[in-house]
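**Student:** Numbering (the UniProt record's numbering), first residue to last: 1 to 759.
I'd like to ask you about the structure that follows.
Rendered as structure tokens:
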């Protein structure tokens, strides 16, 4: 969280030679930034100077083989803290302790000695996070800060893990030390909760698939061969991981062609023959002597599972020109019996010097497409503009789904976009849409990254969890009241845009509101993939969120430079001047090893017996520090407990030369409730199971789900729905409703098994 260094004279000279922009224009921008750093953003610059000691601490803790020793030498004079409460029991053998008012004062040497005793007893610090939330410049010169922290501690010999989450108030010494940095005078622990659990982690790492450089791509999960076990399909790597008993996967290519790129992929029965097909958006070489095939390609499914070895090109006409990264969703929007296709595109910021404008409601990206299936899955007609989607076609889209949110038996469209948030389009009943965002969504603003559906409050209506980004820097700037004149709209939208994840409860009338519990699941960092499922089968949905954007070599963060400079620069149009300006800034970021929301850990939110929802990821063994993207939940070993499939990359990752990994974590919670599962299967001549709604009743309590796609981030779940039912040992009924209105109802189905349902 530090401002980038200024350009050197050499850099300016080089740029003036390489660019059509004069060096004087560029120098003018740089000088303007420098002036604002000393005026408009002076307090933020001072805040960054003060936080330097914590940046060094965080970096040293990560890089040390003995991080507790690093904590022992952290400089301060006095630590103030209170007494811990009596442990309170929660779920899964977890206890909670909180700290009281700070009544004790410890000198640094006593703190260091206590840490040394912990280290001798076998405790180790596994992970940590430190975030500068508030800064107050005091007239006395003894300034104050608030930091949040999270410590992940383990005692391997006793299988004890604990999470210490809290806040500290730092009163700084007036002068810098001999190393030229500010250090704390006093540190007061103002908030602290310690969660601890003894025993094996709730999840066990089964193994990982190593993905070659430049072969990262979407992850799809589906039971291809009908044995009840889901395969993992990695289209960009040209691999199907066949799920065999004994928790073994066998990798085989799905095509004899050479796969060059796959930016998005989608499973569905696009030709209505009863077999699962796959559409990819990307490029392949059909054989060594053939030209590169680019665009949408259909891999037709076979009756035995898998796909025909060679794809067929999909004709979408001349209107649907793909320019950026894509996301896809399918469903029968017009009721004609075949699956139509929606494609959203993402346009990255900074490219060509253009910026999303405004950053909170950008509609200046590449167009989205609504493709109507002509019946065979090989010919589609683009008609987004004529079917009610014209006004918001140019969002910078990360996810979108066809879903019947209002229970009127037609498919509506939810779109989640970066630099904007949520847009909701209601199907009028004939495949034509109307924008209902303003009246249906309570607060739409978000750096939208993905979404998930679920019935969180057991009322039979589908709710939504839309993930975005939270920013400590934006909150700190707001707290200090900083911002340039004449940009009130940009400044005022910082807080709504960085709220984080938004949980929307359906009101049953086509509108959505955010419940009070939203605050407990909002702030996870820079979030990407998400699943909302019941991991412990207690009847309540849990949340797993994949986090981390760009972890480099230091936790020093580019975020402040974005919020104090980038959002006020450039426009929707490309500019050679701003291309040079941003290229140099981002180049310095990379050269300096600066992160952007780096070293953020994945979150596992689970409702607890005291009515709260807590992050248990480290206790569960799934608090990955690598930058994570895709995440899928699936019962890979058919034991009735949902497992995790997670894609991630290490810090300082170069996608051109380094691969990434896809890991499988088995759910090994020792105590879970009962469950019931539903597996949907398509067959020729019957309506597609895509978007079908599943409802179960247990003792009169309803749970609802839908077989949607396009949710999360570049991921697709199996056509299987899993419901935890807690201590209940009976289910009143399962009811499946297809989009044409057809229904199947099973009375008193057997629990603790999956039920195959088809029309």
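Ideal Cβ placement from N, Cα and C applies to all residues, glycine included.
Keep in mind the model is a prediction, meaning the values are calculated, not measured.
Among residues of its own chain, excluding the 5 on either side of residue 187, which ones have a beta-carbon nearer than 6 Å to its beta-carbon?
**Tutor:** Against the chain shown, residue 187 aligns to sequence position 187. Cβ neighbours of residue 187 within its own chain (closer than 6 Å, five residues either side excluded): 76, 79, 168 and 170.
**Student:** Short check: CB of residue 270 to CB of residue 329, under 7 Å?
**Tutor:** As a position in the chain shown, residue 270 is number 270, starting the count at 1. As a position in the chain shown, residue 329 is number 329, starting the count at 1. No, the pair does not count as a contact, with Cβ atoms beyond the cut-off.
**Student:** Just curious, the beta strand (DSSP E) that residue 60 is in, first and last residue?
**Tutor:** Translated into positions along the chain shown, residue 60 becomes position 60. Counting along the chain, residue 60 sits inside no beta strand (DSSP E); it lies in the alpha helix (DSSP H) bounded by residues 42–63.
**Student:** Can you list, in chain order, the residues of its chain whose CB lies under 8 Å from that of residue 9, leaving out five sequence neighbours each side?
**Tutor:** Along the chain shown, one-based indexing puts residue 9 at 9. A caution first: residue 9 carries a pLDDT of 39, below 50, which makes its placement in the model unreliable, though a value can still be read off. Contacts found: none.
**Student:** Which residue comes first and which comes last in the beta strand (DSSP E) that contains residue 434?
**Tutor:** The residue given as residue 434 occupies position 434 in the chain shown. Residue 434: member of the beta strand (DSSP E) spanning 433–435, first to last residue.
**Student:** Looking at the secondary structure, which residues open and close the beta strand (DSSP E) in which residue 209 lies?
**Tutor:** Within the chain shown, the letter at position 209 stands for residue 209. Counting along the chain, the beta strand (DSSP E) containing residue 209 begins and ends at 203–211.
**Student:** Determine, using beta carbons only, whether residue 166 and residue 191 come nearer to each other than 7 Å.
**Tutor:** The sequence position of residue 166 within the chain shown is 166, counting from 1. The sequence position of residue 191 within the chain shown is 191, counting from 1. Taking 7 Å as the Cβ cut-off, residue 166 and residue 191 qualify as a contacting pair.
**Student:** Do you know offhand how far residue 473's Cα is from residue 563's?
**Tutor:** Position 473 of the chain shown holds residue 473. Position 563 of the chain shown holds residue 563. Those two C-alpha atoms are separated by around 8 Å.
**Student:** To which residues of the same chain is residue 305 closer than 6 Å at the C-beta, ignoring the five residues directly before and after it?
**Tutor:** On the chain shown, residue 305 is found 305 positions in, with the first residue counted as 1. Contacts found: 224 and 225.
**Student:** Can you find the residues in the same chain that come closer than 6 Å, C-beta to C-beta, to residue 320, ignoring five residues on each side of it along the sequence?
**Tutor:** As a first step, residue 320 must be located in the chain shown, where it is residue number 320. Cβ contact annotation for residue 320 (same chain, cutoff 6 Å, sequence separation greater than five): 369 and 382, in chain order.
**Student:** Identify whether residue 410 lies in helix, strand or coil by the three-state DSSP scheme.
**Tutor:** Position 410 of the chain shown, counting from 1, holds the residue named residue 410. In this structure, residue 410 counts as coil in the three-state DSSP scheme.
**Student:** Thinking just about the alpha-carbon of each residue, which of 161, 145 and 597 is nearest to the one in residue 618?
**Tutor:** As a working mapping, residue 618 is identified with position 618 in the chain shown. Considering only alpha carbons, the answer is 161.
**Student:** Going by beta-carbon coordinates alone, are residue 365 and residue 394 separated by less than 7 Å?
**Tutor:** What you label residue 365 is simply residue 365 of the chain shown in a count that begins at 1. What you label residue 394 is simply residue 394 of the chain shown in a count that begins at 1. Against a cut-off of 7 Å, the Cβ pair of residue 394 and residue 365 comes out as a contact.
**Student:** Please go through the same chain and pick out, in chain order, the residues whose beta-carbon is closer than 8 Å to the beta-carbon of residue 677, but skip the five residues on each side of it.
**Tutor:** Taking the chain shown and counting its residues from 1, the one referred to as residue 677 is at position 677. Result list for residue 677: 635, 640, 720, 721, 722, 723, 753, 754 and 755, in chain order.
**Student:** Assign residue 313 to one of two classes, buried (16 or more other C-beta atoms within 10 Å of its C-beta) or exposed (fewer than that).
**Tutor:** Indexing the chain shown from 1 puts residue 313 at position 313. Classification for residue 313: exposed.
**Student:** Please go through the segment 470–517 and give each complete beta strand (DSSP E) segment of 3 or more residues, from N-terminal end onward.
**Tutor:** 502–506
**Student:** Can you give me the C-alpha to C-alpha distance between residue 60 and residue 70, rounded to a whole angstrom?
**Tutor:** Numbered from 1 along the chain shown, position 60 holds the residue referred to as residue 60. Numbered from 1 along the chain shown, position 70 holds the residue referred to as residue 70. Residue 60 and residue 70: Cα-Cα distance of roughly 7 Å.
**Student:** Measuring alpha carbon to alpha carbon, tell me which of 727, 687 and 715 ends up nearest residue 737.
**Tutor:** Reading the chain shown from its first residue, position 737 is the one you call residue 737. Considering only alpha carbons, the answer is 687.
**Student:** What does a CB cutoff of less than 7 Å around residue 157 pick up in its chain, not counting 5 residues either side in sequence?
**Tutor:** Here residue 157 is taken as the residue at index 157 of the chain shown, counted from 1. 122, listed in sequence order.
**Student:** Since residue 398 contacts residue 418 with CB under 8 Å, what's their CB separation in whole angstroms?
**Tutor:** Within the chain shown, the letter at position 398 stands for residue 398. Within the chain shown, the letter at position 418 stands for residue 418. Sure, about 6 Å apart at Cβ, within 8 Å.
**Student:** Where does residue 546 sit, in a helix, a strand or coil, going by DSSP?
**Tutor:** Translated into the one-based positions of the chain shown, residue 546 becomes position 546. Strand.
**Student:** Taking 7 Å as the threshold (C-beta atoms), are residue 239 and residue 220 in contact?
**Tutor:** Residue 220 sits at position 220 when you count from the first residue of the chain shown. Residue 239 sits at position 239 when you count from the first residue of the chain shown. No, they are not a contact pair.
**Student:** Should residue 674 and residue 698 be called a contact, given that it needs their Cβ atoms to be closer than 7 Å?
**Tutor:** Reading the chain shown from its first residue, position 674 is the one you call residue 674. Reading the chain shown from its first residue, position 698 is the one you call residue 698. It is not a contact, given that the beta carbons lie outside the stated cut-off.
**Student:** Rounded to the nearest angstrom, how far is the Cβ of residue 570 from that of residue 578, given a contact under 8 Å?
**Tutor:** Along the chain shown, one-based indexing puts residue 570 at 570. Along the chain shown, one-based indexing puts residue 578 at 578. That pair is a contact at about 4 Å.
**Student:** Just how far apart, CA to CA, sit residue 96 and residue 715?
**Tutor:** The sequence position of residue 96 within the chain shown is 96, counting from 1. The sequence position of residue 715 within the chain shown is 715, counting from 1. The straight-line gap from Cα to Cα measures roughly 35 Å.
**Student:** So does the segment 553–568 actually touch the segment 533–543, counting three or more Cβ pairs closer than 8 Å?
**Tutor:** no
**Student:** If you draw a straight line from the alpha carbon of residue 211 to that of residue 249, how long is it in whole angstroms?
**Tutor:** Start at 1 with the first residue of the chain shown, and residue 211 comes out as number 211. Start at 1 with the first residue of the chain shown, and residue 249 comes out as number 249. Rounded to whole angstroms, residue 211 to residue 249 spans 15 Å at the Cα level.
**Student:** Could you name the residues of the same chain whose beta carbon sits closer than 7 Å to that of residue 741, not counting the 5 residues immediately before and after it, in chain order?
**Tutor:** Here residue 741 refers to the residue found at position 741 when the chain shown is read from its first residue. Hits under 7 Å: 409.
**Student:** Is it buried or exposed for residue 535, if we count other Cβ within 10 angstroms and need 16 for buried?
**Tutor:** By 1-based counting over the chain shown, the position of residue 535 is 535. So residue 535 ends up on the buried side.
**Student:** Please state whether the Cβ-Cβ distance between residue 549 and residue 632 is less than 7 Å.
**Tutor:** Along the chain shown, one-based indexing puts residue 549 at 549. Along the chain shown, one-based indexing puts residue 632 at 632. No, the Cβ-Cβ distance between residue 549 and residue 632 is not below 7 Å.
**Student:** Are the CB atoms of residue 527 and residue 463 nearer to each other than 7 Å?
**Tutor:** For this step, residue 527 is matched to residue 527 along the chain shown. For this step, residue 463 is matched to residue 463 along the chain shown. No.
**Student:** By a C-beta neighbour count over all protein chains shown, 10 Å radius and 16 as the cutoff for buried, is residue 531 buried or exposed?
**Tutor:** Start at 1 with the first residue of the chain shown, and residue 531 comes out as number 531. Classification of residue 531: buried, given that the 10 Å Cβ count is 16 or more.
**Student:** Going by beta-carbon coordinates alone, are residue 501 and residue 468 separated by less than 7 Å?
**Tutor:** As a first step, residue 501 must be located in the chain shown, where it is residue number 501. As a first step, residue 468 must be located in the chain shown, where it is residue number 468. It is a contact, given that the beta carbons lie within the stated cut-off.
**Student:** Relative to the alpha-carbon of residue 439, which residue among 445, 499 and 512 has its alpha-carbon at the smallest distance?
**Tutor:** Indexing the chain shown from 1 puts residue 439 at position 439. For residue 439, the nearest C-alpha among the options comes from 512.
**Student:** Which residues does DSSP list as the beta-bridge partners of residue 400?
**Tutor:** If you number the chain shown from 1, residue 400 lands on position 400. In DSSP, residue 400 forms a bridge with 415.
**Student:** Using C-beta distances below 7 Å, list every residue in its chain close to residue 656, excluding the 5 sequence neighbours before and after it, in chain order.
**Tutor:** Here residue 656 is taken as the residue at index 656 of the chain shown, counted from 1. The answer, listed in chain order, is 213 and 214.
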